[in-house]
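Data block below; observations after.
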Amino acid sequence: MNIFKMMVLGLVAAFGHIAVAQGAGSKAFSGALGFFGSNVGTIVEDSSQRTTNLSGVFGLGGDFEYFMADDFSLGAIFRYYNTSDDIGTTEYTNSLLTLGGIARAYLAETPSWSLIGTGGLGVLEAEVKTKPQGGTSETVDSGMRIGLYMGVTVLYKLNSKTRLGVENMRILGLGERLNGWVLSDYMAKVMFIF
């Protein structure tokens, strides 16, 4: 069992019960900032192919949710990721931009904590740049492609309208030019409910 599954099962067991989050009709806005790891997804452009292989500390995003029921919301997600590193004598830069729709299930609630599962579908654009020392740079760009979102979030309730926590989001590229697990992030997240 991988660490992601163990983390979700452990959190569900720790919460111990299912309960409601917010009332139907409520709205929430979240901001996220944090660390991500580009997995071994593949980007193909014409005859060039690259894998996304870097980890970094720059991920930025925002979410909007509209609660359809006490424990279910629909909304939108935006994320931008960028990092660069030198491997040997070559500089690599990975970036990914995504915008899409999400559904969130509030799986468990306590007076202080929330456990949330996220799923969704959106458009992605990934790019890998390589620049050998003393050479010219080469860029492989996926163009706009379809991606699947899967994630889990744990939030601490600071008060009735503000929550703070951590999110792990995974993005699966679904296509010929962008395929495989292209991203796994760990983001600090703050949510405001109104």
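Start counting the sequence shown at 2; every next residue gets the next number (the numbering used here). Positions of the beta carbon are idealized from the N, C-alpha and C atoms, including for glycine. Everything numeric in this text was worked out from a predicted model, so none of it was measured.
Alpha carbons only, please: which of the options is nearest the one belonging to residue i?
i    : options                : result
D71  : Y93, G60, A25          : A25
L104 : T137, L165, Y67        : The sequence shown places Ala at residue 104, not Leu. The shortest Cα separation from A104 among T137, L165, Y67 belongs to Y67.
R80  : M145, G89, G181, L125  : L125
Y187 : S138, S113, I147, R171 : R171
K190 : E110, S115, L179, R178 : S115
F195 : N180, T137, R178, R164 : R164
E92  : G62, F65, G63, K132    : K132
V141 : L100, L179, N169, S161 : L179
Going straight from the alpha carbon of residue i to that of residue j, what length do you get?
i    : j    : result
V129 : S74  : 34 Å
T84  : G76  : 27 Å
V167 : G60  : 13 Å
A106 : I117 : 6 Å
G102 : K28  : 15 Å
V155 : D87  : 34 Å
G135 : S185 : 32 Å
G148 : A33  : 19 Å
S143 : Y82  : 15 Å
M69  : Q23  : 10 Å
L159 : A109 : 17 Å
N174 : A127 : Rather than Asn, the amino acid found at residue 174 in this sequence is Gly. Cα to Cα, G174 sits roughly 10 Å from A127.
F193 : F36  : 21 Å
V21  : P112 : Because the pLDDT at V21 is just 45, under 50, the model does not fix this residue reliably, and the point stays unresolved.
I78  : V153 : 14 Å
D64  : G181 : 24 Å
R146 : S138 : 23 Å
Can you have a look at residue i and say buried or exposed, based on whether 16 or more other CB atoms are within 10 angstroms of its CB?
i    : result
Y150 : buried
S31  : buried
Y157 : exposed
E1   : Nothing can be reported for residue 1, as the shown portion of the chain is limited to 2 through 195.
G196 : A query on residue 196 cannot be resolved here, the shown segment of the chain reaching from 2 to 195 and no further.
Going by DSSP, which residues form a beta bridge with residue i?
i    : result
L149 : L122, L173
D142 : E128
A25  : Answer by DSSP bridge pairing: none, since A25 is not bridged.
T94  : S85, K130
G164 : One detail in the question is off: residue 164 reads as Arg in this sequence, not Gly. Paired residues: K158, M192.
D72  : None, per the DSSP bridge assignment.
Report task. Determine contact between the stretch 112-123 and the stretch 84-98, defined as no fewer than three beta-carbon pairs at a distance below 8 Å. Result -> No contact exists between the stretch 112-123 and the stretch 84-98.
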